[in-house]
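With my numbering, the residue at position 269 of the sequence shown is 666, and numbering never jumps.
We put the CB at the ideal spot given by N, CA and C, even for glycine.
Here the structure is laid out as structure tokens; the discussion comes afterwards.
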Amino acid sequence: MSAIVRVRNLSRVFDVSKPWLNRVIERLPKARLRAVDDVSFEIEENACYALVGESGSGKSTIGKMVVGLLPPSQGSVEVMGVDLATEPEGERRVEVRANLQMIFQDPYASLNPRWKVRDIVAEPAVAQGKATDGLAEALLEKVGLSAVDAGKYPHEFSGGQRQRICIARALAGEPKVIICDEPTSALDVSVQSQVLNLMSDLRADLGLSYLFISHDLTVVRHMADTIGVLYLGALIEEAPRDRLFEDPKHPYTQMLFEAAPKMDAFGREIDPPKGEIPNPIDPPSGCPFHPRCPIAVDRCSVDRPELRWIGSTRVACHLAE
Ligand SMILES: Nc1ncnc2c1ncn2[C@@H]1O[C@H](COP(=O)(O)OP(=O)(O)O)[C@@H](O)[C@H]1O
Ligand code: SF4
Ligand SMILES: [Mg+2]
Numbered sequence: 398m399s400a401i402v403r404v405r406n407l408s409r410v411f412d413v414s415k416p417w418l419n420r421v422i423e424r425l426p427k428a429r430l431r432a433v434d435d436v437s438f439e440i441e442e443n444a445c446y447a448l449v450g451e452s453g454s455g456k457s458t459i460g461k462m463v464v465g466l467l468p469p470s471q472g473s474v475e476v477m478g479v480d481l482a483t484e485p486e487g488e489r490r491v492e493v494r495a496n497l498q499m500i501f502q503d504p505y506a507s508l509n510p511r512w513k514v515r516d517i518v519a520e521p522a523v524a525q526g527k528a529t530d531g532l533a534e535a536l537l538e539k540v541g542l543s544a545v546d547a548g549k550y551p552h553e554f555s556g557g558q559r560q561r562i563c564i565a566r567a568l569a570g571e572p573k574v575i576i577c578d579e580p581t582s583a584l585d586v587s588v589q590s591q592v593l594n595l596m597s598d599l600r601a602d603l604g605l606s607y608l609f610i611s612h613d614l615t616v617v618r619h620m621a622d623t624i625g626v627l628y629l630g631a632l633i634e635e636a637p638r639d640r641l642f643e644d645p646k647h648p649y650t651q652m653l654f655e656a657a658p659k660m661d662a663f664g665r666e667i668d669p670p671k672g673e674i675p676n677p678i679d680p681p682s683g684c685p686f687h688p689r690c691p692i693a694v695d696r697c698s699v700d701r702p703e704l705r706w707i708g709s710t711r712v713a714c715h716l717a718e
């Protein structure tokens, strides 16, 4: 197996300073927010790599850098051996760009309400100058909708059906890699698993590779071959799926498992454990997780742990053994 996507030492900093005049009056320094901090991982061909983390952990920012919607502050993303940030305009760049598609969380916001579904679905193929006769109809059937749906408008569909339309549109570009940013988070639980099953089937059928972004470990359990866990923009643990579920090594990953919705004896959801996510503009010293960590020692507030291998797991914790 070889990697189709290589992410190396990727960082992204946002300038979140107040306007210049306010800064002068209030004597404030420039404020910089490190949304993504030195992240490296690879996606194998025909595999699903999942990125998991709480809201604000940098998942969407990484997704946007991987598809080339946002330039990195540091580091690089290579897709099929090409770095889109530096590759000059030309055939190779166009080819790689065409092999990347993105599916977003909100199937309501991402479909133009004034376009018929036929035009929405065929759009990536039109952009690539390909023939589109019957394409939308065929793709709609492939994602479990029907050919007659091509003549309808987005408002005539449910959330789950709309996400199927988004998937059909992504497939029209004949991509090799699809970046899925919380693709089922806006859907009812009962519909979520149907859409996830569809995505799994399509991967097998078409030989797709996925970067699957989610805040929910139970969702990625269906899909992922490898899971990377993010905390404050940094990868703090990565392992093959079963390994991570059997033996999570980082205290934060363990906490995520504990926070996964659990039912009590009466079928009611138990509240997940609490804990504030620190301000990313002023992150903690040492290990960024130390203010919330139940097993932190003195060293943790001073030394930042590097990612290191333990068996098939990469983990950033001084006490991971
Ligand atoms: N364009 C932006 N300008 C300033 N801050 C941003 C911008 N985009 C994201 N951020 C910040 O970067 C961090 C990571 O955001 P994001 O990647 O959206 O996280 P996630 O998808 O995991 O919820 C958050 O603190 C967010 O507020
Ligand atoms: S390095 Fe220390 S604070 Fe960080 S996760 Fe490990 S034990 Fe907790
Ligand atoms: Mg997000």
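Reference residue i; option with closest CA among the options
i           : options            : result
residue 637 : 708, 461, 435, 702 : 708
residue 457 : 510, 579, 710, 406 : 579
residue 560 : 517, 535, 527      : 517
residue 524 : 410, 504, 699, 496 : 496
residue 439 : 705, 554, 415, 399 : 399
residue 714 : 633, 604, 673      : 633
residue 436 : 597, 410, 532      : 410
Cα-Cα separation, residue i to residue j
i           : j           : result
residue 693 : residue 564 : 43 Å
residue 413 : residue 599 : 40 Å
residue 587 : residue 619 : 14 Å
residue 473 : residue 462 : 9 Å
residue 678 : residue 442 : 36 Å
residue 422 : residue 408 : 31 Å
residue 483 : residue 522 : 25 Å
residue 688 : residue 405 : 28 Å
residue 635 : residue 700 : 20 Å
residue 594 : residue 541 : 11 Å
residue 716 : residue 424 : 41 Å
residue 682 : residue 617 : 30 Å
residue 479 : residue 625 : 23 Å
residue 504 : residue 695 : 46 Å
residue 519 : residue 511 : 15 Å
residue 596 : residue 604 : 11 Å
residue 676 : residue 452 : 12 Å
residue 680 : residue 673 : 12 Å
residue 562 : residue 686 : 39 Å
residue 705 : residue 642 : 19 Å
Status (buried if at least 16 other CB within 10 Å, exposed otherwise) for residue i
i           : result
residue 629 : buried
residue 418 : exposed
residue 546 : buried
residue 589 : buried
residue 471 : exposed
residue 401 : buried
residue 526 : exposed
residue 668 : At residue 668 the pLDDT is 49, less than 50, meaning the model places this residue with poor confidence; the figure from the coordinates comes in the next sentence. Classification for residue 668: exposed.
residue 379 : Beyond the ends of the chain as shown, which are 398 and 718, falls residue 379; an answer cannot be given.
residue 654 : exposed
residue 444 : buried
residue 627 : buried
residue 703 : exposed
residue 487 : exposed
residue 416 : exposed
residue 606 : buried
residue 601 : exposed
residue 528 : exposed
Cβ shell of residue i (< 6 Å), same chain only, five flanking positions each side left out
i           : result
residue 498 : 567, 570, 572, 575
residue 475 : 403
residue 501 : 507, 578
residue 631 : 434
residue 460 : 576, 578, 610
residue 582 : 502
residue 455 : 432, 433, 627, 630
residue 712 : 634, 646, 647
residue 481 : 465
Cutoff 7 Å; reference residue i; Cβ partners in own chain excluding five residues on either side
i           : result
residue 485 : none
residue 584 : 556, 557, 560, 592
residue 640 : 709, 710
residue 531 : none
residue 420 : 414
residue 554 : 562
beta-carbon residue i near ligand 5 non-hydrogen atom, thresh 7 Å
i           : result
residue 579 : In terms of ligand content, the structure shown lacks ligand 5 and carries ligand 1, ligand 2 and ligand 3 instead.
8 Å CB neighbourhood of residue i in its chain, flanking five on each side removed
i           : result
residue 549 : 513, 514
residue 670 : With a pLDDT of only 47 at residue 670, under 50, the local geometry of the prediction cannot be trusted, and the value read off the model is given with reservation. Cβ within range, chain order: 652, 655, 656.
residue 544 : 534, 535, 537, 538
residue 690 : 648, 649, 684, 697
residue 509 : 517, 551
residue 622 : 441, 444, 445, 446, 637, 638
residue 718 : 707
Within-8 Å CB hit, residue i to chain B
i           : result
residue 432 : Among the chains in the structure shown there is no chain B, since it carries only a single protein chain.
Evaluate the contact criterion for the region 639 to 646 versus the region 464 to 474: three or more CB pairs, one atom per stretch, below 8 Å.
No: the two stretches stay apart, fewer than three of their Cβ pairs being nearer than 8 Å.
Does the region 435 to 454 come within contact of the region 600 to 616, defined as at least 3 CB pairs closer than 8 Å?
Below 8 Å, enough C-beta pairs join the region 435 to 454 and the region 600 to 616 to call them touching: three or more.
Is it the case that the region 423 to 442 contacts the region 487 to 494, given that we only count it when at least three CB pairs across the two stretches are under 8 Å?
Segments in contact, no.
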